[in-house]
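Please read the structure below before turning to the comments.
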């Protein structure tokens, strides 16, 4: 009986860790011809949307004040670290740049499903948020008549759970763009590029105008200035904090950075037509990242110079900022840029979402009906309509602020999983050498056991394990060294999570010298340093790659720590919604995907071709 249980558990574990062969990667049938310039536009346009025109104002008004520019600096560095890990991960699978496909090939089925399922959440929430932001921007031009009409006709009356009113405007917008994508990708891509170009021109105007009309005193505001504003300002004011450049202290900067990560979640959508050209892909990613950081830095600085942070309009910060400084006509120019930016961002969110759903459905991890295509262009109409409908429902029922953090958590988790993957894969043995290395290890173990008496076997085994931790027996990775690295990597994730939790929940006590919390933090740091040193001592794979993350294992671990620390800033409400989404995903995987994916894997595979999945 026990042998049957062990066999069943072993077989089940093999199912979870099943890897897709690189030669079985499928094409989604969409022929995309994008130049390097167009790919930069794709990355920039995808990120310069609601994060720039809505999140900047909300963070500056309620969370960080003028220190919002520091928030974007922190998030930009975090995104850079994650993106470097992402590029090496892509370099290992030359036939695809999809994080889901790369995870399936390199890490196994369950890992890939978690990555793919959370990327779907990322795109669904991004689509819903962008549609809501589009309505906010358009509504500001009409004097908030749309919001007032919706509140009168379709109020929901469910506080702290749903929006104050059903946003049928955002729902209609999502369905409109869903239909546009269903008509064909080439037409949608052209419209997308036009809107991105207009967005960049308007952004340049905003930054230059902001520095011309800005007042440096707005970075040195006091409580007296706030008292004067309450007497003359008719709209609701944000909290004053302590005034100055950092009115909400270090905690405000950290919380603001967590929210501002919304602005950098779109770099997973950048993928090149030439899958093997990793240098081009890396250059495009870094150029896009730099351009987006400059835009966010410049806009947040200009906005907080033009308007006192507590007077910033929550839903339409940039057009209202020009009205505040006396440039009323300019607000319409800005509004055009806002709508174009949000339109291109909306297309950028929906553009890859349906392809990822189709890829997972073709692999059997999601329902097979989602993989159906129509027409000679093989457009995944079912995936487009289903994902668009889900995003539309989210936009209909939820407020922007209630679901934006959910997207941030999904993005941070995905980036962290990619960093963990890079850390483990660098120390994996080459598949062609793994069998011979395993034979050498078995022979060495047999000699050790033959040369020692039976009563000393436990001591010899313990001594051998400790020796291998610090003095590996081989200069190239072996199965044993790879197991050590994977064990240490997951232990480090646990330790970094505990450290992030302590620093996020009790920062002032830790840094003020609380004996218990400070001791816990120091012990965690010592353990993290020791386990990192063990990984550092293990041999790395000599397999050549087009790009390798520098300073391993430190850089991926720093990336993981920053991502997890930012995740710890989220509210319990956000974590509850995130848990519900992943519970649904695991129910689909264990109830449907794990069985149907195996049936698909046992069938003859079609001829391999280049994957076009953009995630």
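Residue numbers (my numbering): 54 to 668.
Even glycine gets a Cβ: it sits at the ideal position worked out from N, Cα and C.
Being a predicted model, the structure only gives us computed values, none of them experimental.
Query raised in the report: Which of the three DSSP states, helix, strand or coil, is assigned to residue 208?
Result: Locating residue 208 in the chain shown gives position 155, counting from the first residue. It is a strand residue.
Query raised in the report: Got a sec, what are the start and stop residues for the alpha helix (DSSP H) residue 601 sits in?
Result: Taking the chain shown and counting its residues from 1, the one referred to as residue 601 is at position 548. Counting along the chain, residue 601 falls outside any alpha helix (DSSP H), and DSSP gives it neither H nor E.
Query raised in the report: For residue 106, which of 344, 140, 173 and 348 has the nearest alpha-carbon?
Result: Taking the first residue of the chain shown as position 1, residue 106 is located at position 53. Of 344, 140, 173 and 348, the residue nearest in Cα terms is 348.
Query raised in the report: From this set, 312, 297, 336 and 159, which residue's C-alpha is nearest residue 137's C-alpha?
Result: Against the chain shown, residue 137 aligns to sequence position 84. The residue with the shortest Cα to Cα distance from residue 137 is 336.
Query raised in the report: Anyone know if the C-beta pair for residue 304 and residue 119 falls short of 8 Å?
Result: Working through the chain shown from its first residue, we reach residue 304 at position 251. Working through the chain shown from its first residue, we reach residue 119 at position 66. It is not a contact, given that the beta carbons lie outside the stated cut-off.
Query raised in the report: In this structure, what does DSSP give as the bridge partners for residue 432?
Result: Mapped onto the chain shown, residue 432 falls at position 379. Its beta-bridge partners are 427.
Requested in this report: Give every residue of the same chain whose Cβ lies closer than 6 Å to the Cβ of residue 361, excluding the five residues on either side of it in the sequence, and list them in chain order.
Outcome: Translated into positions along the chain shown, residue 361 becomes position 308. Apart from the 5 residues on each side of it in sequence, residue 361 sits with its Cβ closer than 6 Å to the Cβ of 271 and 274 in its chain, given in chain order.
Requested in this report: Give the secondary structure of residue 64 by DSSP, where H, G and I count as helix, E and B as strand, and everything else as coil.
Outcome: Here residue 64 refers to the residue found at position 11 of the chain shown. Three-state DSSP puts residue 64 in a helix.
Query - Delimiting residues of the alpha helix (DSSP H) encompassing residue 455 - result: On the chain shown, position 402 is the one that residue 455 refers to. That run of the alpha helix (DSSP H) goes 453-478.
Query raised in the report: Does the Cβ of residue 538 have 16 or more other Cβ atoms within 10 Å, making it buried, or fewer, making it exposed?
Result: Taking the chain shown and counting its residues from 1, one reaches residue 538 at position 485. Buried, by the Cβ-count rule.
Report task. On a CA-only basis, which of 616, 419, 470 and 588 is nearest residue 461? Give me that one, please. Result -> Sequence index remark: in the chain shown, residue 461 carries index 408 (1-based). Looking at 616, 419, 470 and 588, the one whose alpha-carbon comes closest to that of residue 461 is 616.
Query raised in the report: When the Cα atoms are used, what is the spatial distance from residue 234 to residue 528?
Result: Your numbering for residue 234 matches position 181 in the chain shown. Your numbering for residue 528 matches position 475 in the chain shown. Their Cα atoms are separated by approximately 52 Å.
**Report entry** Buried versus exposed call for residue 64 [16 or more other C-beta atoms within 10 Å across all chains shown]
**Finding:** What you label residue 64 is simply residue 11 of the chain shown in a count that begins at 1. Exposed, because fewer than 16 other Cβ atoms sit within 10 Å of the Cβ of residue 64.
Query - C-alpha distance - residue 151 paired with residue 381, whole-angstrom precision - result: In the chain shown, counting from the first residue as 1, residue 151 sits at position 98. In the chain shown, counting from the first residue as 1, residue 381 sits at position 328. Taking the straight line joining both Cα atoms gives about 45 Å.
Query raised in the report: Within the chosen definition, does the stretch 409-420 reach the stretch 243-257 through at least 3 CB pairs nearer than 8 Å?
Result: Segments in contact, no.
Report task. Assuming residue 158 contacts residue 73 (C-beta within less than 8 Å), just tell me the rounded distance between them. Result -> Numbered from its first residue, the chain shown carries residue 158 at position 105. Numbered from its first residue, the chain shown carries residue 73 at position 20. Taking 8 Å as the upper bound for CB-CB distance, residue 158 and residue 73 are in contact here, some 5 Å apart.
Query raised in the report: Whose CA, out of 545, 465, 302 and 205, lies closest to the CA of residue 589?
Result: Counted from its first residue, the chain shown places residue 589 at position 536. In terms of CA proximity to residue 589, 545 leads the group 545, 465, 302 and 205.
Query raised in the report: Is the stretch 437-454 in contact with the stretch 568-582, if contact means three or more CB pairs nearer than 8 Å?
Result: In this structure the stretch 437-454 does not lie against the stretch 568-582, because fewer than three pairs of beta carbons, one per stretch, are closer than 8 Å.
Query raised in the report: Taking all protein chains shown into account, do 16 or more other C-beta atoms lie within 10 angstroms of the C-beta of residue 646, making it buried, or fewer, making it exposed?
Result: Here residue 646 refers to the residue found at position 593 when the chain shown is read from its first residue. If you draw a 10 Å sphere on the C-beta of residue 646, you find 16 or more other C-beta atoms in it, and that means buried.
**Report entry** Straight-line gap, residue 112 to residue 121 (C-alpha atoms, nearest Å)
**Finding:** The count along the chain shown starts at 1 and reaches residue 112 at position 59. The count along the chain shown starts at 1 and reaches residue 121 at position 68. C-alpha separation (whole angstroms): 7 Å.
Report task. Measure from the alpha carbon of residue 237 to the alpha carbon of each residue in 640, 607 and 427, then state which is nearest. Result -> As a first step, residue 237 must be located in the chain shown, where it is residue number 184. The shortest C-alpha to C-alpha distance from residue 237 to any of 640, 607 and 427 is the one to 427.
Query - N-terminal and C-terminal residue of the alpha helix (DSSP H) that residue 408 is part of - result: Here residue 408 refers to the residue found at position 355 of the chain shown. Taken as a continuous stretch (DSSP letters only), the alpha helix (DSSP H) holding residue 408 covers 383-415.
Query raised in the report: How long is the line joining the alpha carbons of residue 128 and residue 179, rounded to whole angstroms?
Result: Numbered from 1 along the chain shown, position 75 holds the residue referred to as residue 128. Numbered from 1 along the chain shown, position 126 holds the residue referred to as residue 179. Cα to Cα, residue 128 sits roughly 18 Å from residue 179.
Report task. Determine the closest residue to residue 627 out of 519, 644 and 456, with distance taken between C-alpha atoms. Result -> Position 574 of the chain shown, counted from the first residue, corresponds to residue 627. Taking the Cα of residue 627 as reference, the smallest distance to any Cα among 519, 644 and 456 is reached at 456.
Report task. Provide the residue span of the alpha helix (DSSP H) that contains residue 635, from first to last. Result -> Residue numbering aside, residue 635 sits at position 582 when the chain shown is read from its first letter. Start and end: 625-641.
Query raised in the report: Where residue 123 and residue 57 are concerned, what is the direct C-alpha to C-alpha distance, given to the nearest angstrom?
Result: Counted from its first residue, the chain shown places residue 123 at position 70. Counted from its first residue, the chain shown places residue 57 at position 4. Between the C-alpha atoms of residue 123 and residue 57 there is a straight-line separation of about 58 Å.
Query raised in the report: Is it true that the CB of residue 556 sits closer than 8 Å to the CB of residue 563?
Result: Translated into the one-based positions of the chain shown, residue 563 becomes position 510. Translated into the one-based positions of the chain shown, residue 556 becomes position 503. At a Cβ-Cβ threshold of 8 Å, residue 563 and residue 556 count as neighbours.
Query - Buried/exposed call for residue 96, threshold 16 Cβ in 10 Å - result: Translated into positions along the chain shown, residue 96 becomes position 43. So residue 96 counts as buried.
Query raised in the report: residue 602: buried (16+ other C-beta within 10 angstroms of its C-beta) or exposed?
Result: Here residue 602 is taken as the residue at index 549 of the chain shown, counted from 1. The residue in question, residue 602, is buried, as its Cβ has 16 or more Cβ neighbours within 10 Å.
Requested in this report: Buried or exposed for residue 650, please, with buried defined as at least 16 other CB atoms from any protein chain shown within 10 angstroms of its CB.
Outcome: Counted from its first residue, the chain shown places residue 650 at position 597. Burial call: buried.
Query raised in the report: Quick one: Cα of residue 454 to Cα of residue 142, how far?
Result: The count along the chain shown starts at 1 and reaches residue 454 at position 401. The count along the chain shown starts at 1 and reaches residue 142 at position 89. Each residue's Cα considered, the two are about 32 Å apart.
**Report entry** Neighbour-count burial assignment, residue 377, 16 or more Cβ in a 10 Å radius
**Finding:** Locating residue 377 in the chain shown gives position 324, counting from the first residue. Residue 377 comes out buried.
Query raised in the report: Would residue 188 be called buried (16 or more neighbouring beta carbons within 10 Å of its own) or exposed?
Result: Here the question's residue 188 lines up with position 135 in the chain shown. Under this definition residue 188 is a buried residue.
Query raised in the report: Name the DSSP bridge partner or partners of residue 218?
Result: By one-based count along the chain shown, residue 218 stands at place 165. Residue 218 is bridged to 208.
**Report entry** Residue span of the alpha helix (DSSP H) that contains residue 609, given as start and end
**Finding:** Translated into the one-based positions of the chain shown, residue 609 becomes position 556. Element bounds for residue 609: 607-620.
Query raised in the report: Quick one: what does DSSP say residue 566 is sitting in, helix, strand or coil?
Result: Numbered from 1 along the chain shown, position 513 holds the residue referred to as residue 566. Coil.
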